[in-house]
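To start, the structure under review is shown below, and the notes come after it.
In the UniProt record's numbering, the protein residues as written are 1 to 356.
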């Protein structure tokens, strides 16, 4: 009961207002010291967006704090952290059911603990090698992590309050921000979360050190050292025309490009400072030139998996959601997607999605 309430973002008092019950009574239900009537079970289920059978399910397998990597976690309210953990648990239940029905891409995130700069650079290069990406631009960061087995989605009404987050489960989840329009920022966020999943398995993150490590991984992954050093324009003054040409080619912000140049000692601290000031003075600190010409990547794996299953067996997706205890509203909240209209249910089988 607490899991569903927190996932919905409700306090005990707010839930009590919805179903005309006292805070004390609801607390007793959550603690297991009282049992609800059938009518109360139905009212609770409707109020928190789950099916009545949800309350009889085991809570084993809930997402733990060390499995959930937040950006800017130090400034994220604890209520939002708890809500994200709860929603991650609910989405994971649905995905677990989907995994039993479909042959989703094999999870292939390397486990490469890294602490210092050299180790982080090597981890990024090794991840590229493992995924056979070569040393050129990544055409779609979303497709890369989805091909590696991650589900990319967003939590409706929650993820705009955090930049991005990742959840380290048997099938990893990366939750994007709803509120960040720039395609290059979204790509960097995905690479950042990829860094957490590769380097920080079993480690609580969100502090300055682990965030800095994930940023360095993202930079090294999107802009490989050898290619970058060869391509970045040299000179006493920054060549903005060439830098923005690199932005369009590599799909990385100009700010990230000059930071990468500084990190690799291609430009001096003074040049980096001058470049940062230039972007700020020209109004490009948040929205850069060409941002409006670059189309944001969209997640494909979860939606295409649901579509394939539903096409083969109409009603199967709704059945999986019901087995996870989710009603249509809660499913949308935890997946960012709507359930198919059909309510017909048929027996499922295994479908291969590797050809997608």
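Cβ atoms here follow ideal geometry from the backbone N, Cα and C, with glycine treated the same way.
Here the segment 218-237 lies against the segment 189-203, with 3 or more beta-carbon pairs under 8 Å apart. Judged by DSSP in its simplified three-state form, residue 69 adopts strand. Of all alpha-carbon atoms in 121, 1 and 61, the one lying nearest the alpha-carbon of residue 48 is that of 1.
Nearest neighbour of residue 270 by Cα position, chosen from 90, 251, 236 and 256, turns out to be 236.
Contiguous alpha helix (DSSP H) elements confined to the segment 197-282 occur at 208-222, 225-231, 240-250, 254-263 and 269-281, taking only those with 4 or more residues. Going by DSSP, residue 337 is part of no beta strand (DSSP E) at all; its letter is neither H nor E.
Under the DSSP assignment, residue 165 falls in the beta strand (DSSP E) whose first and last residues are 165-167. Using a Cβ distance threshold of 8 Å, residue 255 and residue 223 do not count as a contacting pair. Annotation: the continuous alpha helix (DSSP H) that includes residue 80 extends over 78-101. Residue 173 sits in a strand when the DSSP states are folded into three classes.
Rounded to the nearest angstrom, the gap between the Cα atoms of residue 277 and residue 264 is 20 Å.
Put simply, the backbone Cα of residue 322 is about 41 Å away from that of residue 209.
Per DSSP, the beta-bridge partners of residue 153 are 175. For residue 10, the secondary structure class from DSSP, reduced to helix, strand or coil, is coil. In this structure, the alpha-carbon of residue 46 lies about 11 Å from that of residue 54.
Counting only the Cα atoms, residue 320 lies some 21 Å from residue 167. Counting of Cβ neighbours within 10 angstroms places residue 146 among the buried residues, the total reaching 16 or more. With a cutoff of 8 Å on beta-carbon distance, residue 306 and residue 295 are scored as not near each other. One thing to note: residue 226 has its Cβ within 8 Å of the Cβ of residue 135.
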